[in-house]
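In what follows, a single structure is set out as structure tokens and then discussed.
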Amino acid sequence: MWGCCFSSWLISFLGNSTVRRRRYARFSAAAADCQNENWISGNSLYKRHPHLQRLEACDNSPWQLFPVLTYIIVSGLFQNPFVASRVLHICCNGDPPDLNFATVVFRQIRRPNLFSWNTIIKGFAESEDRRSIAFSFYRQMLDRGILPDKHTFPFLLTGCRPPSTAKSGKFLHAHCVVLGFSMDTFVQTALVNMYLGCGHKTDARHLFDKMTSRDIVSWTCLISGLIAGGHHEEALEVFKALRSDEGQSAVKPTVATMVSAMAASAFLGALDHTRALHGNLEKTGYMADTFIGNSLINGYAKCGSIGSSSKIFQQMKDRDLLSWTAIISGFAANGMAQEALGAFAGMRAAGIVPDPVAFLAVLSACSHAGLVDEGVENFELMQRSYKLSPGLKHYGCMVDLFARAGLLRRACDACRAKGELELAEAVAGVIVSSGESAGGAGVLLSNMYADESRWQEASLVRKKVTGGGLRKPPGHSWIEVEGVVYRFMVENGSDPHLKEIISALDAFAKDGRS
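First residue of the sequence shown: 1, per the UniProt record's numbering; consecutive thereafter.
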């Protein structure tokens, strides 16, 4: 609802934009001068009122602010724009932020400057369930004659991530054009990010391609956004374009850029590209970064080169929880269950406390290797020793473990006895994935839906069982052959590159762990 109302108001605003732009230009210059004066006067205020130095000690913690706030109010300093803006900033950027109190503070500022407006807009735009309020403040700001700057729009566009807000995002884009910010790199990058977040990849690429000046933030934004949208191959192509443009401009990949590219390579199993990234990282000196090391471990493991993952892990000086989890997951995914269990024991011996993700990797290793006793032991360990509650994926691993060991009926009976509907759904999924008859699982699931009075779901499952609709969709994978990534499906003999794919798979089977 708020999106439609805001969009309608933007249309009305744009209709009178020519007249308003002239009027707002005057307010914009005045606001900039006022803000500059505030910062200058702020320094002298600190000298005259030493108590204000305690504001800096608040460290963005609203609860530490109240003792200082009493002095600020009693002394009348709150009406100073510099002091009021600082108080507002602490409220909006706390951990967690106190947006209710921030609103109270903002309403007490007689003449909020642009910095104050941007601060309150940013605070609400970053609050997932209160983003509509950010747009309300933006409207109030314009109605008061305060012109936005290049920082205002990125804050607002942050709130236009869900596809349902794409319309408001497009009208904000129109505002950027009308108010003269459409060529600003900072704003353009935020627009690209917004379109990608809304699933409008074509609009994002069109805008990015038209940018006359691209910085590394723009490139990284596009690459990571494409990956988030599942466009991994296109993300790699963009990264290659960045590297080809690197020699002609001052734009250089950062750690974030390299990690994003590594994620795309890992997903596609592009081993040659992963090795090239590794070589580049060694030249740039990024290898000392633990985050980079973790990405390489994960990347090589997903490409099947678990030997390279293990080597990087051994060479790392600082290993955190993510490092251990990455190597355990790598061993598990490559069928090396004993190595995964050994790494898990090493992690605990090193004093690293495992989290649910680490336990999921261990259970996955046990599941793929059919290690029932070890799986049950670790499943109980996470609850008994670490007080961690198993999630659906943990239960799914246990169901899969029992299924591989021929103990699926044990899992089914446990589901029905405990009334675990979500677990029953996991059991049904495992049976379908394993290629076994799905009728029994479907009947079990249908009966459990009926027990919960979920008649529509029960009827739907019954129809799928009787109609043979409970079938696993064909699987697909990727493989890199001579620098080109190919996507192929199970039982698809019509692929024009079938011979090359089979040859590469045969070679991979021989030395895939090297």
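C-beta atoms are modelled at their ideal positions from N, C-alpha and C, and glycine is treated no differently.
- Going by C-alpha positions, Leu-179 is about 12 Å away from Leu-142.
- Per DSSP, Thr-212 lies in no alpha helix (DSSP H) and is assigned neither H nor E.
- Remark: C-beta atoms of Ser-85 and Ser-116 approach each other more closely than 8 Å.
- If only uninterrupted alpha helix (DSSP H) runs of at least 4 residues are considered, those enclosed by the stretch 58–93 are 62–75, 81–92.
- Collapsing the DSSP output to three states places Thr-290 in a helix.
- With respect to Ile-120, Ala-102 sits close: the two C-beta atoms are nearer than 8 Å.
- In the displayed model, Met-316 falls within coil according to three-state DSSP, outside both helix and strand.
- Linking Ala-369 to Ala-301 through their CA atoms gives a straight-line distance of about 17 Å.
- By the criterion of a C-beta distance shorter than 8 Å, Val-87 is surrounded in its chain by Leu-55, Leu-65, Leu-69, Ile-72, Phe-78, Val-105, once the five residues flanking it on both sides are discounted.
- Rounded to whole angstroms, the separation of the alpha carbons of Ala-340 and Ser-127 is 39 Å.
- Assignment of Val-376 by DSSP, reduced to helix, strand and coil, places it in the helix class.
- Classified as exposed, Trp-455 has fewer than 16 neighbouring CB atoms from the shown chains inside 10 Å of its CB.
- Note on geometry: alpha-carbon atoms of Ala-333 and Asp-149 lie some 49 Å from one another.
- In the displayed model, Ala-250 falls within coil according to three-state DSSP, outside both helix and strand.
- Ala-276 carries a helical assignment under DSSP once its states are collapsed to helix, strand and coil.
- At a Cβ-Cβ threshold of 8 Å, Phe-359 and Asn-378 count as neighbours.
- Met-316 is a Cβ neighbour of Gly-293, given a cutoff of 8 Å.
- Residue environment for Trp-63: exposed (fewer than 16 other C-beta atoms within 10 angstroms of its C-beta).
- Straight-line spacing of the CA atoms in Gln-140 and Gly-225 works out to 31 Å.
- Per the C-alpha coordinates, the member of Asp-184, Phe-186, Asn-193, Cys-303 positioned closest to Pro-162 is Asn-193.
- For the pair Ile-146 and Leu-114, the CB atoms are nearer than the 8 Å cut-off.
- Under a 10 Å Cβ-count criterion, Ser-308 is classified as buried, with 16 or more other Cβ atoms of the shown protein chains found around its own Cβ.
- Only residues of its own chain outside the window of five on either side were considered, and among them Cys-91, Gly-123 have a CB closer than 7 Å to the CB of Pro-97, listed in chain order.
- Excluding residues up to 5 positions away in sequence, Ala-125, Arg-131, Ala-134 lie with their Cβ nearer than 6 Å to the Cβ of Gly-159 in the same chain.
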